[in-house]
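Counted from 1, the sequence shown has number 185 at position 167 by our numbering; the numbering is strictly sequential.
Positions of the beta carbon are idealized from the N, C-alpha and C atoms, including for glycine.
A quick note: this is a predicted structure, and the numbers were derived from the prediction, not measured.
So the structure is just underneath, and the comments pick up after that.
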Amino acid sequence: MAVLLTPFLVLSVIGLVLSVIAHTAALIGLPQPLGPAAWGLHIGIFVVWLPAVIVSNRLVGDFKRKDFWKAALRGCPDWMRCLTYGFFGYAVVNFLLFMAAAPPKGAGGGANAPPEVFRGFSGHWMAFYSAAAAILYSALAVSRSDPARRCPNGHPVPPSASFCEACGASIAEQDAAGPWSADAEPGAAPDRG
Ligand SMILES: [Zn+2]
Numbered sequence: 019m020a021v022l023l024t025p026f027l028v029l030s031v032i033g034l035v036l037s038v039i040a041h042t043a044a045l046i047g048l049p050q051p052l053g054p055a056a057w058g059l060h061i062g063i064f065v066v067w068l069p070a071v072i073v074s075n076r077l078v079g080d081f082k083r084k085d086f087w088k089a090a091l092r093g094c095p096d097w098m099r100c101l102t103y104g105f106f107g108y109a110v111v112n113f114l115l116f117m118a119a120a121p122p123k124g125a126g127g128g129a130n131a132p133p134e135v136f137r138g139f140s141g142h143w144m145a146f147y148s149a150a151a152a153i154l155y156s157a158l159a160v161s162r163s164d165p166a167r168r169c170p171n172g173h174p175v176p177p178s179a180s181f182c183e184a185c186g187a188s189i190a191e192q193d194a195a196g197p198w199s200a201d202a203e204p205g206a207a208p209d210r211g
């Protein structure tokens with residue numbers, strides 16, 4: 019599982035970084051640092067989005083559909099989840115601004131597109147790369163933690179369960195936070211002098 023997902027996670031992160039660079043350049047009116055090759059980012063989304071959709075279906079599994087994103091991103095640390103939601107919110111605002119500004123006609127959307135066009139598209143690139151990266155990261159984290167999820171009496175429990183089906187014991191919520199939550203508190207060690 020990890021062997022298959024890690025390359026796509028790396029690609030998603032690279033795509034996200036390049037999208038942020040493309041968007042920043044467009045935002046301040048500079049030509050694209052990658053030139054026409056920036057459109058490759060548009061195609062790259064499909065490369066990482068397909069595996070992301072496949073693993074998100076596995077992640078959601080027996081969760082309710084309305085909890086889709088909560089379930090799909092349950093292996094992510096909070097900052098990663100916030101960042102992904104933030105990129106999506108920003109993409110919506112960015113796209114509305116893009117539509118309102120109506121890019122100059124005749125400039126085209128191809129290789130010689132003006133910064134405004136790249137600005138409009140790159141908002142969505144960032145959102146989709148960050149979501150793909152978060153889902154793939156979540157899948158990697160969950161694949162380590164889910165098999166180990168057990169009730170206080172040691173019965174294995176499915177990932178969405180709040181109570182053990184065998185003995186009825188409630189499942190500690192800390193299990194759902196991800197495998198690295200335990201060492202996520204740097205500097206919290208007591209002062210021993
Ligand atoms: Zn039990």
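State yes or no: is the C-beta of residue i nearer than 8 angstroms to some heavy atom of ligand 1?
i    : result
V175 : yes
N112 : no
P165 : no
C182 : yes
P25  : no
A151 : no
A187 : yes
C169 : yes
G172 : yes
Cα-Cα, which of the options is closest to residue i?
i    : options                : result
A119 : R137, F105, G104       : R137
L29  : T42, E183, A70         : A70
Q50  : N130, G141, H173       : N130
R92  : F181, P170, G186, D164 : D164
A149 : N112, P170, C94        : C94
V111 : H142, I189, A89        : H142
H41  : S140, A89, F181, T24   : S140
I39  : L77, A56, T24          : A56
L115 : V135, V78, D96, E183   : V135
L22  : I72, G62, D85, F64     : I72
R76  : E183, V65, Y108, A89   : A89
For the putative contact between residue i and residue j, defined by C-beta atoms under 8 angstroms, what is the C-beta separation to the nearest angstrom?
i   : j   : result
P74 : L59 : Looking at the sequence provided, one finds Ser at residue 74 rather than Pro. No, S74 and L59 are not in contact; Cβ-Cβ is about 21 angstroms, not under 8 angstroms.
Only counting the same chain, and skipping five residues up and downstream in sequence, which positions put a Cβ closer than 8 angstroms to that of residue i?
i   : result
L27 : A151, L154, Y155, L158
A20 : L158, S161
R99 : L91, A152
Between residue i and the rest of its own chain, which residues show a CB-CB distance below 6 angstroms, the 5 nearest in sequence each way excluded?
i    : result
S178 : D80, F81
I32  : none
M106 : First, the residue type needs correcting, since residue 106 is Phe and not Met in the sequence shown. Cβ within range, chain order: A145.
P133 : A44, G47
Y147 : S30, G33, L34, S37
L102 : The amino acid at residue 102 is misidentified as Leu; the sequence shows Thr. These residues qualify, in order along the chain: S148, A149, A152.
F86  : V78
Kindly list the residues whose CB is nearer than 7 angstroms to the CB of residue i, restricted to its own chain and excluding five residues on each side of it in sequence; keep chain order.
i    : result
R168 : P174, V175
W67  : F146, A150
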